[in-house]
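S.K.: Residue numbers (the numbering used here): 705 to 949.
Could you have a look at this structure, given as structure tokens, before my questions?
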């Protein structure tokens, strides 16, 4: 595994899994731009947690569903991790407002596209980079009830990752997805406690630790043997990494 460091752009980078991804990289000496939507307190807490680390953390407030992402600069290794997800309340399909589908797709799909517009040109100029889409273990088999809008958006993100791998792998741009198991973060804090418990219990080992999941994801990013052609890896699950195609 390479110890080379570089610059990273991480959406949803100030909370939950995104925060863990940001801090892991900063501990290793990476310069990280953490995109967040609105939570100023979380951004300030992240900056405090990152003070004194070898790498540099910059928090940028930006709605991921809109263009205008900050572009990565320089000639160091570049990584884009799209970890942002729109919050949601699990709900049966017949009760879901179409606006909920729109919001999930705006963040998962358009957020990925806007991020790519910011990173692809500098990556190609530099001879390559790595792009990671964060999906969900709900895509493996039958999803939990009430996840219709969320899981459909994540499926679309996976399709985009595959297209990216097909179009840009020969230009040095690596692309793959990861599917974390359920994690107890503020993303699901607003759910009914019985639902959170049921989702966690449905996965081997219960809820997973965002810090360990982040370490697995960065391990894949830094592993040159990973094909990175749009494939999807389960992470944070007992028994090691598998592959979902």
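Backbone N, C-alpha and C fix where the C-beta goes; we use that ideal spot for every residue, glycine too.
For clarity, every value in this text was computed on a predicted model and none was experimentally measured.
(1) Which stretch, first to last residue, makes up the beta strand (DSSP E) that contains residue 833?
(2) How about residue 840 and residue 883: do their beta carbons lie closer than 7 Å?
(3) Just list the residues that DSSP pairs residue 713 with in beta bridges.
(4) Counting C-beta neighbours from all protein chains within 10 Å, is the total for residue 825 16 or more, i.e. buried, or is it exposed?
(5) Grab the span of the alpha helix (DSSP H) containing residue 823 for me, first residue to last.
(6) With a 10 Å radius around its C-beta and 16 neighbouring C-beta atoms as the bar for buried, classify residue 875 as buried or exposed.
(7) Would you kindly report the start and end of the unbroken beta strand (DSSP E) that includes residue 935?
(8) How many angstroms separate the CA atom of residue 815 from the CA atom of residue 784?
(9) Would residue 786 be called buried (16 or more neighbouring beta carbons within 10 Å of its own) or exposed?
(10) Cα-Cα, which of 797, 844, 743, 800 is closest to residue 767?
(11) So who's on the other strand from residue 877, going by DSSP bridges?
(12) Looking at the secondary structure, which residues open and close the alpha helix (DSSP H) in which residue 668 lies?
(13) Quick one, which of 800, 844, 756, 930 has its alpha-carbon nearest residue 835's?
(14) Given 8 Å as the limit, is there contact between the segment 799 to 808 and the segment 730 to 743, that is, 3 or more CB pairs closer than that?
(15) Smallest Cα separation from residue 710: which of 917, 932, 935, 922?
(16) Please state whether DSSP places residue 883 in a helix, a strand or coil.
M.R.: So, from the data block:
(1) Mapped onto the chain shown, residue 833 falls at position 129. From DSSP, the beta strand (DSSP E) with residue 833 extends over 833 to 838.
(2) Mapped onto the chain shown, residue 840 falls at position 136. Mapped onto the chain shown, residue 883 falls at position 179. Yes. Within cutoff.
(3) Along the chain shown, read from residue 1 onward, the residue named residue 713 stands at position 9. Paired residues: 737, 784.
(4) Start at 1 with the first residue of the chain shown, and residue 825 comes out as number 121. Result: exposed.
(5) As a working mapping, residue 823 is identified with position 119 in the chain shown. Counting along the chain, the alpha helix (DSSP H) containing residue 823 begins and ends at 815 to 829.
(6) Mapped onto the chain shown, residue 875 falls at position 171. Answer is exposed; the Cβ neighbour count stays below 16.
(7) Locating residue 935 in the chain shown gives position 231, counting from the first residue. Taken as a continuous stretch (DSSP letters only), the beta strand (DSSP E) holding residue 935 covers 933 to 939.
(8) Within the chain shown, the letter at position 111 stands for residue 815. Within the chain shown, the letter at position 80 stands for residue 784. So the alpha carbons of these two residues sit roughly 12 Å apart.
(9) The residue you call residue 786 lines up with position 82 of the chain shown. Its Cβ being crowded by 16 or more others within 10 Å, residue 786 is buried.
(10) For the purposes of this step, residue 767 is taken as the residue at position 63 of the chain shown. Of the candidates 797, 844, 743, 800, the one whose C-alpha sits nearest the C-alpha of residue 767 is 743.
(11) The residue you call residue 877 lines up with position 173 of the chain shown. Residue 877 pairs with 833.
(12) Any answer about residue 668 is impossible in this case: the structure gives the chain only from 705 up to 949.
(13) In the chain shown, counting from the first residue as 1, residue 835 sits at position 131. With distances taken between Cα atoms, residue 835 lies closest to 930.
(14) no
(15) Here the question's residue 710 lines up with position 6 in the chain shown. That would be 922, whose Cα lies nearest to the Cα of residue 710.
(16) Counted from its first residue, the chain shown places residue 883 at position 179. Three-state result, residue 883: strand.
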